[in-house]
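J.:
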Amino acid sequence: MWLKRRRTFTQFAQILNREYLDFEWMASKYSNLNETGFSEDIVPDIVHMVRFENHFLDFVTYISIKSILKNHKPKQLYIHCDCDDLKGKYWDLIDKSIITVRNIERPKFIFGQKLSSVFHASDVTRIKVLMDFGGIFVDNDVFVVKSLKPFLKFEFAIGWPMNDFLGTQVLVAHRSARFLKLWFDSYKDYKPFEWYYNAGELPTNNILKKNPRLVHRVPEAFGVHNLVDYLYNKNVPENEWKSKFYAIHLLERHRSYLLPKQTIRLFNEHNIYNYSKTFGSMARSVLT
């Protein structure tokens with residue numbers, strides 16, 4: 002390992018663009034590593050998204066990408082996809098100057114067990130992508146409210162609401178983060194028919210609750226808790242949601258059963274302009 006034990010924590014913090022950091026050793030010397038973070042960024046300013054099977058870009062993912070480009074302004078955005086390119090009118094509208102579609106194979110197995118759904122394949126892939134590259138993972142239905150760069154100084158920053166499981170929708174990690182390997186290895190106990198067991202329940206209960214200092218905990222500001230009422234029943238002022246959150250999970254796949262009486266089933270560039278709830282003002286803020 003290239004890290005020398007004689008280096009101080011401050012000196013470590015000044016080392017930029019390194020692929021490997023010995024967080025285990027550093028944590029043994031500085032127990033509050035993920036509370037204070039480094040004085041300089043250690044995570045690359047690269048945003049990752051994962052998209053399998055559906056290669057046509059929908060409106061909500063279009064809004065998500067627009068929010069990343071406008072509000073975070075990353076150096077690079079990678080879309081890891083089982084395709085060579087995305088399709089559709091919304092994809093055609095996006096400025097692709099910093100976007101790369103990276104063709105990858107959708108994983109079918111994990112530690113010898115067959116992955117039961119495309120969603121579990123995405124769960125595994127986001128961990129592997131961060132282990133390979135480091136950076137910021139953002140789910141397809143996450144709205145980035147403002148720059149996530151304040152979290153690039155931490156080994157691993159994650160949305161973890163109080164009295165709840167971690168959220169997988171926004172992840173900021175160095176590629177050598179200790180929690181990444183532990184999380185991936187926990188899939189040896191893969192339960193294919195339990196929706197959130199391996200993604201959230203198991204790593205929270207068996208890893209993070211036992212060693213919460215593995216991560217920088219973000220209880221609310223990543224918006225990974227259930228905000229369906231906040232987004233689709235209320236009209237929260239723009240200055241409020243902009244000041245309170247760095248990102249918000251839009252719960253797009255869950256709206257149909259969480260809000261069975263909603264009048265708009267699919268958002269588009271037309272109905273969003275007259276939509277008077279919080280999500281309406283969010284979407285319009287990146288369309289203008």
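The working numbering applies: residue 2 is where the sequence shown begins, and numbers increase by one. Note that beta-carbon positions come from the ideal geometry of N, C-alpha and C, so glycine has one too.
(1) In or out: Arg8 buried (at least 16 other Cβ within 10 Å) or exposed?
(2) Assuming Leu228 contacts His250 (C-beta within less than 8 Å), just tell me the rounded distance between them.
(3) Going by DSSP, name the residue or residues bridged to Arg103.
(4) What's the gap between the Cα of Pro193 and the Cα of Leu260?
(5) Compare the C-alpha of Glu106 against each of Lys90, Asp85, Leu22 and name the closest.
(6) Could you check how far apart the C-beta atoms of Ile111 and Pro75 are, in whole angstroms? I think they sit under 8 Å.
(7) Which residues mark the beginning and the end of the alpha helix (DSSP H) in which Arg218 is found?
(8) Could you say which of Lys115, Ser68, Asn212 lies nearest to Ser282 if we only look at CA atoms?
(9) Hey, is the stretch 261-272 in contact with the stretch 52-65, meaning 3+ C-beta pairs nearer than 8 Å?
(10) Please classify Gly160: does DSSP put it in a helix, a strand, or coil?
(11) Skipping 5 residues on each side, what residues in its chain have a beta carbon closer than 8 Å to that of Asn33?
(12) Using the Cβ count rule (16 or more neighbours within 10 Å means buried), how would you classify Thr279?
(13) Mapping DSSP to helix, strand and coil, what is Phe138?
(14) Which residue wins for smallest C-alpha separation from Lys189, given the options Leu116, Leu70, Asn104?
(15) Give me the residue from Val130, Ser40, Tyr31, Pro108 with the minimum Cα distance to Leu78.
(16) Tell me which same chain residues have a C-beta within less than 7 Å of the C-beta of Ala89, skipping the five on either side of it?
(17) So what's Arg52 in DSSP terms, helix, strand or just coil?
(18) Beta-carbon within less than 7 Å of Tyr247's beta-carbon, same chain only, minus the 5 sequence neighbours each way: which residues are those?
(19) Under 9 Å between C-beta atoms, does Asn272 make it to chain C?
(20) Just the Cα atoms here: how many angstroms apart are Asn275 and Asp230?
(21) Take every Cβ of the stretch 132-145, pair it with every Cβ of the stretch 202-212, and state whether three or more of those distances are shorter than 8 Å.
(22) Hey, His73 and Val48: beta-carbon distance below 9 Å or not?
(23) Just to confirm my understanding: we take Ser277, look at its own chain, exclude 5 residues before and 5 after, and list those with CB closer than 8 Å. What are they?
(24) Alpha carbon to alpha carbon, how far is Glu41 from Val171?
T.: The answer reads as follows:
(1) The residue given as residue 8 occupies position 7 in the sequence shown. A caution first: Arg8 carries a pLDDT of 46, below 50, which makes its placement in the model unreliable, though a value can still be read off. The residue is exposed, with fewer than 16 neighbouring Cβ atoms inside 10 Å.
(2) The residue labelled residue 228 in the question sits at position 227 within the sequence shown. The residue labelled residue 250 in the question sits at position 249 within the sequence shown. That pair is a contact at about 7 Å.
(3) The residue given as residue 103 occupies position 102 in the sequence shown. Beta-bridge pairing links Arg103 to His81.
(4) For the purposes of this step, residue 193 is taken as the residue at position 192 of the sequence shown. For the purposes of this step, residue 260 is taken as the residue at position 259 of the sequence shown. Looking at the two C-alpha atoms, the distance is approximately 27 Å.
(5) Counted from its first residue, the sequence shown places residue 106 at position 105. In terms of CA proximity to Glu106, Asp85 leads the group Lys90, Asp85, Leu22.
(6) Locating residue 111 in the sequence shown gives position 110, where the first residue counts as 1. Locating residue 75 in the sequence shown gives position 74, where the first residue counts as 1. Contact flag wrong, Cβ pair sits at about 28 Å.
(7) Here residue 218 corresponds to residue number 217 of the sequence shown, with the count starting at 1. Judged by DSSP secondary structure, Arg218 falls outside any alpha helix (DSSP H) and instead within the beta strand (DSSP E) spanning 217-219.
(8) For this step, residue 282 is matched to residue 281 along the sequence shown. Of the candidates Lys115, Ser68, Asn212, the one whose C-alpha sits nearest the C-alpha of Ser282 is Ser68.
(9) As far as the Cβ criterion goes, the stretch 261-272 touches the stretch 52-65, which means the pair count is three or higher.
(10) The residue labelled residue 160 in the question sits at position 159 within the sequence shown. In the three-state scheme derived from DSSP, where H, G and I count as helix and E and B as strand, Gly160 is classed as strand.
(11) Your numbering for residue 33 matches position 32 in the sequence shown. Taken in chain order, the residues that qualify are Arg214.
(12) Translated into the one-based positions of the sequence shown, residue 279 becomes position 278. So Thr279 counts as buried.
(13) Position 137 of the sequence shown, counting from 1, holds the residue named residue 138. Correct three-state label for Phe138: strand.
(14) The residue labelled residue 189 in the question sits at position 188 within the sequence shown. Minimum Cα distance to Lys189 is reached at Leu116.
(15) Taking the sequence shown and counting its residues from 1, one reaches residue 78 at position 77. Taking only the C-alpha atoms, the option nearest Leu78 is Val130.
(16) Walking along the sequence shown from the start, residue 89 turns up at place 88. Note on residue identity: the sequence assigns Gly, not Ala, to residue 89. Correct list, in chain order: Phe57, Leu58.
(17) Here residue 52 is taken as the residue at index 51 of the sequence shown, counted from 1. Correct three-state label for Arg52: strand.
(18) Working through the sequence shown from its first residue, we reach residue 247 at position 246. Correct list, in chain order: Val146, Lys147, Leu149, Ala222, Phe223.
(19) Any reference to chain C falls outside this structure, which holds one protein chain only.
(20) Locating residue 275 in the sequence shown gives position 274, where the first residue counts as 1. Locating residue 230 in the sequence shown gives position 229, where the first residue counts as 1. One C-alpha to the other measures close to 18 Å.
(21) No: the two stretches stay apart, fewer than three of their Cβ pairs being nearer than 8 Å.
(22) Working through the sequence shown from its first residue, we reach residue 73 at position 72. Working through the sequence shown from its first residue, we reach residue 48 at position 47. Result yes, Cβ atoms of His73 and Val48 sit closer than 9 Å.
(23) Along the sequence shown, read from residue 1 onward, the residue named residue 277 stands at position 276. Taken in chain order, the residues that qualify are Asn236.
(24) Numbered from 1 along the sequence shown, position 40 holds the residue referred to as residue 41. Numbered from 1 along the sequence shown, position 170 holds the residue referred to as residue 171. Approximately 21 Å, taken between the alpha carbons.
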